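Following: one structure in structure tokens, then a few remarks.
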Amino acid sequence: VTLKGYVNSTECEAYRPQGRGGKGVIGIRTKGGDGLRTMVYATTHHDLLVFTDRARVFKLPTARLPIAGRDSVGKNLRHFLEMEPDEVVRAVVPVEDYGRGYLLLATRQGIVNKNALSDYANAHTKGILAHSAPPEDRLVEALPSDGGGDVILATARGQIIRFSEGEVRITRRPSKGVIGIRVNAGDFVVGMVTVPPGEEKRLLLVTAHGYGKRVDLSDIPSQRRGGKGVIGIKLEGASPVVAVLLVAEDDEVVLSTTSGKVIRFPVGQVSTFSRYARGVRLIRLNKGDQVASAVVI
667 VTLKGYVNST
677 ECEAYRPQGR
687 GGKGVIGIRT
697 KGGDGLRTMV
707 YATTHHDLLV
717 FTDRARVFKL
727 PTARLPIAGR
737 DSVGKNLRHF
747 LEMEPDEVVR
757 AVVPVEDYGR
767 GYLLLATRQG
777 IVNKNALSDY
787 ANAHTKGILA
797 HSAPPEDRLV
807 EALPSDGGGD
817 VILATARGQI
827 IRFSEGEVRI
837 TRRPSKGVIG
847 IRVNAGDFVV
857 GMVTVPPGEE
867 KRLLLVTAHG
877 YGKRVDLSDI
887 PSQRRGGKGV
897 IGIKLEGASP
907 VVAVLLVAED
917 DEVVLSTTSG
927 KVIRFPVGQV
937 STFSRYARGV
947 RLIRLNKGDQ
957 VASAVVI
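Numbers in the working numbering are just positions in the sequence shown, counted from 1, shifted up by 666.
Written as structure tokens, this is what we have:
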């Protein structure tokens, strides 16, 4: 999905693995001033719950999306969904079974909501309201959850907070939510991950200038929700954090940039550092280009 709302469905095999630090290949043919917003992995048996910055959610069956090459422009989501002209897609969640599990929502100002996934079974192409945050706040992430484990939020300035998901009460959609992290002036939440009990994966942080690193979960202290968190990554210049992922050693990561470039590489090529390190270069960017998103496949 692009910044301007274009969507393209492509076979996963179209993105051949590369070493980290390469320049990547075209993932979708973008028009002038457009770039990639997010990428997800789904099958034709999934619905896509499309969440926008206005906290509205739309249902789009994956089977409705035609398969196209990675150099295709794709179709605008407004061809399928009744979105407002200035409404921006923030998250896409593939769903196969609405009968179990939850959805966690996070906003720029650090508010977290937890709803039963069944609350979204009646979503449709006209959209329904996911939460009732203040008008000045915006949705940044939506994730499925089984209800246990921990939640990690990351901010643009490199702060992270980890707390038990049990501290987020289950509410009916839509609701105001609770404070997950208190952000400093000028900072905002950019992403969220869920950590199942006993998880042995690592946290991957990615910056706009193409740097990133893995961090051991044991290096991230658990605390009560509502705090300011701890440093997660030493930022390089003015480059903010743009993505946070939970990754296993045998996973592969796809990075996409605002110019439409995509690079795929094994997670094992990304070194593990302490929370205070900058990390390594993940992708070489042309002048004016920035990392827009990162996904695990």
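A virtual CB, placed ideally from N, CA and C, is assigned to each residue, including glycine. Just so you know, these numbers come straight off a predicted model, no measurement behind them.
Checklist entry - Leaving out the 5 sequence neighbours to the left and right, which residues in its chain are closer than 8 Å to ARG835 when beta-carbon positions are compared? => result LYS780 and VAL844
Item to check | Complete beta strand (DSSP E) runs within the segment 729-768 (minimum length 3 residues, chain order) | outcome: 755-761
Checklist entry - Cβ atoms of ALA796 and PHE854: under 8 Å apart, would you say? => result no
Checklist entry - Alpha carbon to alpha carbon, how far is ARG804 from SER959? => result 18 Å
Next on the checklist: If you reduce the DSSP assignment to three classes, tell me which class GLU807 lands in.
Outcome noted: strand
Item to check | Whole-angstrom distance between ARG720 and GLU753, CA atom to CA atom | outcome: 7 Å
Next on the checklist: Which of the three DSSP states is assigned to GLY878 in this structure?
Outcome noted: strand
Checklist entry - To which residues does DSSP link VAL896 through a beta bridge? => result ILE826
Item to check | PHE627 versus LEU726: straight-line alpha-carbon distance, rounded | outcome: The structure shown has nothing for residue 627, since the chain only spans 667 to 963.
Next on the checklist: Let's test the definition: count the other Cβ atoms within 10 Å of the Cβ of THR710 and tell me whether it reaches 16, buried, or not, exposed.
Outcome noted: exposed
Checklist entry - Cα separation between LEU715 and THR837? => result 19 Å
Next on the checklist: On a Cα-Cα basis, can you pick out the residue from GLY832, PRO801 and GLY767 that is closest to ASP785?
Outcome noted: GLY767
Checklist entry - So what does LEU819 bridge to, in DSSP terms? => result ILE827 and MET858
Checklist entry - Measuring CA to CA, which of LYS900, LEU783 and ILE949 is closest to GLN935? => result ILE949
Item to check | Terminal residues of the beta strand (DSSP E) in which ALA958 lies | outcome: 957-962
Item to check | PRO906 and VAL896 closer than 8 Å at C-beta | outcome: no
Checklist entry - Between which two residues does the beta strand (DSSP E) harbouring THR718 extend? => result 713-718
Item to check | Distance, MET749 Cα to GLU831 Cα | outcome: 31 Å
Next on the checklist: Relative to the C-alpha of THR704, which candidate in GLY954, SER925 and ARG891 has its C-alpha closest?
Outcome noted: SER925
Checklist entry - If you count every other CB in all the chains shown that lies within 10 Å of the CB of GLU807, and 16 or more means buried, which is it? => result buried
Item to check | Burial state of ALA953, where buried means 16 or more other Cβ atoms lie within 10 Å | outcome: Note on residue identity: the sequence assigns Lys, not Ala, to residue 953. Under this definition LYS953 is an exposed residue.
Item to check | Pick from THR676, LEU743 and ASP713 that is closest to LYS670, judged by C-alpha positions | outcome: LEU743
Next on the checklist: My output table needs one value for VAL933: the three-state DSSP class, helix, strand or coil.
Outcome noted: helix
Item to check | Any chain D beta carbon closer than 8 Å to VAL962 | outcome: Although the question refers to chain D, the structure presented lacks it and comprises just one protein chain.
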